[in-house]
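Student: I have a structure I would like to understand better, so I am pasting it below and will then ask my questions one at a time.
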Amino acid sequence: MGEHLSSSVARPATLRQRAVNWRIPGERTPLDVAGLHVSDEFFPALNDPHLLRIARALLDAESGILAARIRAFNKTKADPDASTDAKRATLHDAEAAYAKMEQVRSGARRVGTQYLKGRHMLHFWTDQYNAWSRRLADAERRAGVKMDGHIMDMNALGDDIVQAAAASPVQLDEEVERLLEERWLRFEVFAQMAGDAVPKLHLVPTWDDIKKQISAAQGLKPPKGLRSQSTLLWLIMVTTVSNTVTFALSYNYSSHTPGAWNEADFWALIQQAITQLIGLAITIFPLFKNKHLTRWAWQAPSVVVSCLTIASIPLYLYAPTEWSSCTMLVGGAIQTFLTLQLAILGVEQ
Numbered sequence: 001m002g003e004h005l006s007s008s009v010a011r012p013a014t015l016r017q018r019a020v021n022w023r024i025p026g027e028r029t030p031l032d033v034a035g036l037h038v039s040d041e042f043f044p045a046l047n048d049p050h051l052l053r054i055a056r057a058l059l060d061a062e063s064g065i066l067a068a069r070i071r072a073f074n075k076t077k078a079d080p081d082a083s084t085d086a087k088r089a090t091l092h093d094a095e096a097a098y099a100k101m102e103q104v105r106s107g108a109r110r111v112g113t114q115y116l117k118g119r120h121m122l123h124f125w126t127d128q129y130n131a132w133s134r135r136l137a138d139a140e141r142r143a144g145v146k147m148d149g150h151i152m153d154m155n156a157l158g159d160d161i162v163q164a165a166a167a168s169p170v171q172l173d174e175e176v177e178r179l180l181e182e183r184w185l186r187f188e189v190f191a192q193m194a195g196d197a198v199p200k201l202h203l204v205p206t207w208d209d210i211k212k213q214i215s216a217a218q219g220l221k222p223p224k225g226l227r228s229q230s231t232l233l234w235l236i237m238v239t240t241v242s243n244t245v246t247f248a249l250s251y252n253y254s255s256h257t258p259g260a261w262n263e264a265d266f267w268a269l270i271q272q273a274i275t276q277l278i279g280l281a282i283t284i285f286p287l288f289k290n291k292h293l294t295r296w297a298w299q300a301p302s303v304v305v306s307c308l309t310i311a312s313i314p315l316y317l318y319a320p321t322e323w324s325s326c327t328m329l330v331g332g333a334i335q336t337f338l339t340l341q342l343a344i345l346g347v348e349q
């Protein structure tokens, strides 16, 4: 099992299916913890009270994991038959990471902004769960495994995540949430494998349970940006309806005959088409760079708008002029929809 957990963590079901033979998939190489930034030594201090609450609870859980790794390494490093798992988690790495955390827990430094966004500790979660799994699988060594402290830390961390997310006026940072989930999925795999030996592991909520609790706690809050989005939707509707009214009047007074290139209305149409195409380009440029919005949501409408806008010019010359106005009206309505997407993205951010 040489695969990396990070490659499958986006598929929880797949990850859980791979939990066989008391092994947890994960990183398999020694880890340089120089990049682990826990405190504000190199980055600004974390000031958000809600994220700070999560960070402190996570510090307690990860300090416990590191302490267990250090104890395990000290017991096995003198043993020539020590497991390769213990050799990978070097004493230097674990102690260096533990020292960084103790600086914060002791009050010598404050939690840094990069702590919740770092992946370096995932290695130790995987290693320690593998070590616990092997010991629990051995009936003679099972009695020596002490899990109560870690179970308490995980329950406390889960409670703090729910309460902090529910109390925060904004949604939990996507990157922070993803890394918390990666840790939690490692625990869930371990709990599935070791739950029979340590029934208390099943008392810790799953990540799905935590998400449901957050949703329930936030249920009484109005959705973010709802008032602004409602205003934008009403403006779009009023604009579209008013344009439809003017088009109906234009159709009523039209001669229902094709136009000519030497008419003022023809050149006004070209000017309008150029303006609409430039406006379309300005609208889709930020949408093109946005990674959270699926491409089909704006690419297909953009192509339709471009085709309708360009088609309105020959239609003016070869069909009754009201058809040219109609295609321009539909293209403008679709472009307004694209502008609405951009405006809603701005409100949500």
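Each residue of the sequence shown is one higher than the one before, counting from 1 in the UniProt record's numbering. Glycine included, C-beta positions come from ideal geometry on N, C-alpha and C.
(1) Is it true that the region 168-186 meets the region 100-111, where meeting means three or more beta-carbon pairs spaced less than 8 Å apart?
(2) Which same chain residues, not among the five before or five after Leu-249, have their C-beta less than 7 Å away from its C-beta?
(3) Nearest to Leu-91 by alpha carbon, out of Leu-59, Asp-127, Gln-103, Tyr-115?
(4) Short check: CB of Gly-209 to CB of Ala-57, under 9 Å?
(5) With 16 as the cutoff for other CB atoms within 10 Å, does Pro-286 come out buried or exposed?
(6) Per DSSP, Gly-112 forms a beta bridge with which residues?
(7) Report the rounded CA-to-CA distance for Trp-298 versus Thr-321, giving the unit in angstroms.
(8) What do you reckon, is the C-beta of Leu-46 under 8 Å from a heavy atom of the ligand MN?
(9) Measuring only the C-alpha atoms, how far is Asn-47 from Thr-231?
(10) With burial defined as no fewer than 16 other Cβ atoms inside 10 Å of the residue's Cβ, what is the status of Pro-301: buried or exposed?
(11) Can you give me the C-alpha to C-alpha distance between Leu-51 and Gln-341, rounded to a whole angstrom?
(12) Counting pairs of Cβ atoms below 8 Å between the region 175-195 and the region 130-140, do you hit three or more?
(13) Express the C-alpha separation of Leu-235 and Ala-273 in angstroms, rounding to a whole number.
(14) At the level of alpha carbons, what is the spacing between Val-20 and Gly-112?
(15) Leaving out five residues on either side along the sequence, give the residues of the same chain with a beta carbon under 7 Å from the beta carbon of residue 354.
Tutor: In short:
(1) Segments in contact, no.
(2) Spatial neighbours of Leu-249 in its own chain (CB-CB distance under 7 Å, excluding positions within 5 residues in sequence) are not present.
(3) Checked all of Leu-59, Asp-127, Gln-103, Tyr-115; the closest Cα to Leu-91 is Asp-127.
(4) Checking the displayed sequence, the identity of residue 209 turns out to be Asp instead of Gly. Their beta carbons are not under 9 Å apart, which means Asp-209 does not touch Ala-57 by this criterion.
(5) By the beta-carbon neighbour count (other beta carbons within 10 angstroms, threshold 16), Pro-286 is exposed.
(6) Ala-45.
(7) Their backbone Cα atoms lie some 29 Å apart in a straight line.
(8) By its list of ligands, the structure shown contains no ligand whatsoever, and the ligand MN lies outside what it can speak to.
(9) For Asn-47 and Thr-231, the distance between alpha carbons rounds to 33 Å.
(10) The residue is buried, with at least 16 neighbouring Cβ atoms inside 10 Å.
(11) The alpha-carbon atoms of Leu-51 and Gln-341 are separated by roughly 29 Å.
(12) Verdict: yes, contact present.
(13) Their Cα atoms are separated by approximately 23 Å.
(14) At Val-20 the pLDDT is 38, less than 50, meaning the model places this residue with poor confidence and gives no usable figure here.
(15) Shown here, the chain extends from 1 to 349; a query on residue 354 therefore has no answer.
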